[in-house]
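Take a look at the structure below.
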Amino acid sequence: MEANEFYFPKKSDRDITAQTTTNIITGEAVARYSIATWCKWTPYVQGGVGAVHYREDQTLTLAGTDYRSNDETIRMSESLGAGVDYPLTESLIAGVNATWHWFETGRADFGTSVINMPSLTLQLGYKFGK
1474 MEANEFYFPK KSDRDITAQT TTNIITGEAV ARYSIATWCK WTPYVQGGVG AVHYREDQTL
1534 TLAGTDYRSN DETIRMSESL GAGVDYPLTE SLIAGVNATW HWFETGRADF GTSVINMPSL
1594 TLQLGYKFGK
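Residues 1474 to 1603 in the numbering used here are what the sequence shown spells out, letter by letter.
This is the structure we're talking about:
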């Protein structure tokens, strides 16, 4: 068991400031299963696995002195999603996709160590061949 106690005498409202910057870069391989329909709309489900580069920089300024902390890690990421495509022409396809991404940061100092990121995208694609 560990206990920490910190006391910061406050001289004014501007003596203590904190700033956190988080950068996330992901790359995934995605498999998609299209569901056959009798119309032009093509619904699908998808799943993916990949890697995420997570970097968090924290700065605490106390009475004019900066205290810095950096955390950087590469972890596995996963995603699940669904969407629908519609052919505008024989080669041009429009679609909408909703995907849920999640990955572990490797630390849980405050709250959870898993980050969840939902996304909703509008897509425009080109189909090569027939």
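Just so you know, even glycine gets a beta-carbon here, dropped at the ideal spot from N, CA and C. Since this is a predicted model, take the numbers as computed values, not measurements.
Please work out which residues of its chain come closer than 6 Å, Cβ to Cβ, to residue i, disregarding the five sequence neighbours upstream and downstream, and give them in chain order.
| i | result |
| --- | --- |
| serine 1592 | Thr1572 |
Do residue i and residue j have their CB atoms nearer than 9 Å?
| i | j | result |
| --- | --- | --- |
| valine 1587 | glycine 1554 | no |
| phenylalanine 1601 | serine 1552 | no |
| histidine 1574 | serine 1542 | no |
If residue i and residue j are in contact, beta carbons under 8 Å, what's the gap, nearest whole angstrom?
| i | j | result |
| --- | --- | --- |
| isoleucine 1489 | valine 1525 | 32 Å between Cβ atoms; not a contact. |
| threonine 1495 | glutamate 1529 | 5 Å |
| arginine 1505 | tyrosine 1527 | Not a contact, Cβ separation roughly 26 Å. |
Kindly indicate which three-state DSSP category residue i falls into: helix, strand or coil?
| i | result |
| --- | --- |
| phenylalanine 1576 | strand |
| serine 1552 | strand |
| serine 1586 | coil |
| glycine 1602 | coil |
| threonine 1510 | coil |
| glycine 1568 | strand |
Going by DSSP, what residue range makes up the beta strand (DSSP E) through residue i?
| i | result |
| --- | --- |
| glutamate 1563 | No beta strand (DSSP E) contains glutamate 1563, which DSSP labels as neither H nor E. |
Might you give, ordered along the chain, the residues of its own chain that have their beta carbon closer than 8 Å to the beta carbon of residue i, omitting 5 neighbours on each side?
| i | result |
| --- | --- |
| tyrosine 1559 | Lys1513, Trp1514, Thr1515, Ile1566, Ala1567 and Gly1568 |
| leucine 1427 | Residue 1427 is absent from the model: the chain starts at 1474 and stops at 1603. |
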